[in-house]
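Participant: If you scroll down you'll find the structure; I have some questions about it.
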Amino acid sequence: MSETTSPAPEAGPRAAATTAESSAPDTADLVAAAAAAAADLLATDIVVIDVGDVLAVTDHFVIASGSNVRQVKRIAEEIRTGVKDAGGSAPVRTEGLGEGNWVLLDYGPFVVHVFHERTRQFYDLDGLWSDMDRRVWDPATEELRAG
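Using numbering that gives the first Met the number 0, you'd call the opening residue of the sequence shown number 0 and step up by one each time.
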């Protein structure tokens with residue numbers, strides 16, 4: 000007698016892993032890894048904004064700043080490495096790495112924005128999404144906390 004079971008439903012199009020990949024890290028761990036990697040290269044104003052209730056394409060924005068183009072590029076590269084080391088995959092899309100004013104790393108369930116400080120002020124994603132839940136990187140504890 001064979002028993003058939005249905006796989007558990009996925010969390011939607013933004014699901015980081017299928018049930019067959021249940022050993023993969025969850026999105027919260029990968030988001031924390033991205034924030035920690037940014038902090039390792041002295042990124043400033045690291046924040047995670049939860050946008051999943053209003054956006055269908057992603058659940059979280061990770062936003063960080065660098066003081067110059069070279070630092071922005073290095074932060075983005077370090078985030079790619081940090082997410083991979085945490086068990087994540089490469090981003091499905093990367094934009095802006097050549098210019099280094101605003102680098103976008105799209106991981107599906109979360110999108111990382113690494114800005115040059117002036118560019119971040121100009122586009123003001125923090126203000127645009129100010130009504131959403133957010134967590135900020137606490138350098139003292141090296142963790143995300145409610146913010």
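Backbone N, C-alpha and C fix where the C-beta goes; we use that ideal spot for every residue, glycine too.
Return helix, strand or coil for VAL91, following the three-state DSSP convention.
Facilitator: Start at 1 with the first residue of the sequence shown, and residue 91 comes out as number 92. Here VAL91 sits in coil by DSSP.
Participant: Could you check the C-alpha separation between PRO90 and VAL102 for me, to the nearest Å?
Facilitator: As a working note, residue 90 is residue 91 in the sequence shown. As a working note, residue 102 is residue 103 in the sequence shown. About 12 Å.
Participant: Give the straight-line distance between the Cα atoms of ARG69 and ASP105, rounded to the nearest whole angstrom.
Facilitator: Here residue 69 corresponds to residue number 70 of the sequence shown, with the count starting at 1. Here residue 105 corresponds to residue number 106 of the sequence shown, with the count starting at 1. Each residue's Cα considered, the two are about 20 Å apart.
Participant: Are the CB atoms of GLY65 and VAL149 within a distance shorter than 8 Å?
Facilitator: Given that the chain is displayed from residue 0 to residue 146, the structure contains no residue 149 and the question cannot be resolved.
Participant: For ALA32, which residues in the same chain have their Cβ closer than 6 Å to its Cβ, ignoring the five residues on either side in sequence?
Facilitator: Your numbering for residue 32 matches position 33 in the sequence shown. Cβ neighbours of ALA32 beyond the five flanking positions: GLY81, VAL82 and ALA85.
Participant: Give me the Cα-Cα distance between ASP52 and LEU41, rounded to the nearest whole angstrom.
Facilitator: Here the question's residue 52 lines up with position 53 in the sequence shown. Here the question's residue 41 lines up with position 42 in the sequence shown. Between ASP52 and LEU41, the C-alpha separation is close to 30 Å.
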